[in-house]
Structure formats: C-alpha cells, structure tokens
Amino acid sequence: IADFSAHFDAYNFSKALERIWALVAKVDGYITETAPWKLLNRIEPPGEDPESEAVGLELREILYTATEAIRLITALVYPVIPDGAARVWQQLGLGDITKADLKDLRWGQLEPGTQLGELGPVFPRPEKDAITQMQNIEDQNAAAKAAADEALAAANETVRPANEAKAAVPVDAAASEVASAIAQQSSAQPAAVTEQPATTPTAPETAAVATTERQMISIDDFSKIELRVAQIIVAERIPKADKLLRLEVDLGYEKRQILAGIAEAYEPESLVGRKVVIVANLAPRKMRGLESNGMIVAASMGEKGKPVLAGFLEDVEIGARLK
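Mapped onto this note's numbering, the consecutive letters of the sequence shown carry residue numbers 0 to 322.
#1: Just how far apart, CA to CA, sit E225 and A146?
#2: Under the rule that 16 or more other beta-carbon atoms within 10 Å means buried, what is P120, buried or exposed?
#3: Indicate the three-state DSSP secondary structure (helix, strand or coil) for V26 in the structure shown.
#4: Which class does A259 belong to by DSSP, given the choice of helix, strand or coil?
#5: Pop quiz: I317 and I295 are said to be a contact at Cβ under 8 Å. What is the actual Cβ separation, rounded to whole angstroms?
#6: Leaving out five residues on either side along the sequence, give the residues of the same chain with a beta carbon under 7 Å from the beta carbon of A319.
#7: Any idea if A142 is buried or exposed, counting beta-carbon neighbours within 10 angstroms, 16 or more meaning buried?
#8: From the DSSP secondary-structure annotation, give me the bridge partner or partners of V326.
#9: If you follow the alpha helix (DSSP H) that S222 is part of, which residue opens it and which one closes it?
#10: Which residue wins for smallest C-alpha separation from V275, given the options G293, T66 and S4?
#11: Pairing CB atoms from the segment 83-90 with CB atoms from the segment 22-36, are three or more of them under 8 Å?
#12: What are the boundary residues of the beta strand (DSSP E) that includes L289?
#13: Let me know if S299 comes out buried or exposed under the rule of 16 or more other beta-carbons within 10 Å of its beta-carbon.
#14: What three-state label does DSSP hand M294 in the structure shown?
#15: Bridge partners of V79, per DSSP?
#16: Run through DSSP, which three-state label would Y10 get?
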C-alpha cells in the first residue's frame, strides 16, 4: 500500500499500477497453491472427522486472506477504473465505494462474517446485437477513411490548373510555403470550372478572374520543390483501391515506393520502363497501409480531369533535376 501510494502521489501512475498487478498475480498464485475447493471436499459433518474443524479453520483463513486482498486491490485501483471497482466493492458487501473512507487503508479492516452482496460480472459482456452494431460502425468508419484517403491521394496527385500541367502540391516542411500557395490556387479553380455562370464571360473577364484567384509565388518558393526524373520499374494495382497504383521508381541514386492516383488512366503494365517526373522531397505518408515516398507529376485533361503523366521528347537520364 505504501509503495503504491508513493508512486501514485508522485504521478508515476504506471509504476503504481505495476504494484497492483503484482499483487493480483500473488493473490492468484496464493489461491492456486492453497486450492480452497479441495479443502471444502475434506470438511465432514461435525463429529465425524476430528480434523474437519481444523480444515474448516484453514479454509476460512484462506478465503478471508483472498477476500481482504481483493478489497485492498479494489480500493487502490478505484481511481483508475472506478466503475469496475465500485461493482466489486458492492459484491464484497461493502456498499457504495464513494462513501467509503479509503484514506486510512490497511490490512484487516474487512470484518469477519461480512455478508457478500449480489454477485455478477464486473465487466458485463455486451449483447450480441450491440457487438454487431459496433462491428458495423467500425466497418463503416474504415470504409469511409479508406475512401477519404483514396480521394485525397488522387486530389494531391494531380493538382489541376485550367489549361496547364503543374507539379502536385508538396506538403513537407521544406515546401510548406509554396504548398500553401499552390493549394489555394488549386482549391479555387475547380469551382470556376464546375459552377457555370448564367452567361459565358468574355476573355477580359476570364483573365481578370484568373488574375484575382491565382496567388503568385517567388522563385525561392519554387526552388524548394525538388522535381526529379525517375523511371518506373514496378507498377501494380492496390486491392480495393480503384484509383491508386503502387509504383516503384528508380532515381539512379535510390529506389522508392510511390502511390499514385492514376489507376483509371493507365494500365500498370504500360507504365513499366516509363520515365516520369516526381516530387522527390515530399514527406512520406501512409495510404491503404502503404508508405508513399514522393508524388508523380501529371497534367489534368478534360472536364473529368484525366491525369496525363509529364514526360520528355529527349532521353533524359534518371535522377536529373528539373529547374
């Protein structure tokens, strides 16, 4: 008790709980070793066995020791699992634990002959219907999260201006400033495309809208994005992911795994050997349980934004940096 209290008062809760679990293990070992259920079978009616009374005394001592230990464990663990401790306290016949004085806790405070309360499970198992509902909720949450991850990956994979290809938005610390600028631009432009006005704007009007919505960046911002040429050496679909492909690319100085939202536009086998442009200094992120270390650069074509991978007419060596 003193050891637990010292750790608990010092806010070292893990150590305090370790002392409780050690006591639980000792009590469990004590009950197993003394096997009170075996002693019960040795108790005979009065007068038929001279050793029966001694066995009965031994049995009562074992049961009292175990019960008193449980009382102490319950009192100590009450601040951590109050509901469960309160149930045990009631089953020990001690009433409402919130009204008990637990400050002066010591061995032997359980009065012999205390009548036990109504016994029952300390942590009742949920009904089968409740378990099914919880599983359904978990499945729905998992499906929603997977869909959100896939949509976010596809959106980040091809940041789409109106009529020009642009590198996907980097989100690592080194490129945070340019990421903010590009993200604002990309989030504004789809609204301009999909929300058709009542009348078609004239060219000057369109230019004015584009100028006001676009946030310009400096050359220093752009230089933070590390664009490099990479060659795809492995391409395969990801189970249950309609838009994502798992790619392995060779940068010359290292090989990486990248998840790209281009599955609806390209067959995996057609990509093997192809040279692409990637954002090489993008912070790793996990999608579908896989880590993506980079991002493929693509243009966006048509109303549905079909991704078209950036490439070169000339043969460019892998690892080359775009400037």
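Heads up, the beta-carbon is just placed ideally off N, CA and C, and yes, glycines get one too.
According to the data block:
#1: 29 Å
#2: exposed
#3: helix
#4: strand
#5: Not a contact, Cβ separation roughly 14 Å.
#6: R227 and V228
#7: exposed
#8: The chain is shown only over 0 to 322; residue 326 falls outside these bounds and no answer can be derived.
#9: I218 to S222
#10: G293
#11: no
#12: L289 to S291
#13: buried
#14: strand
#15: Paired residues: none, contrary to the question.
#16: coil
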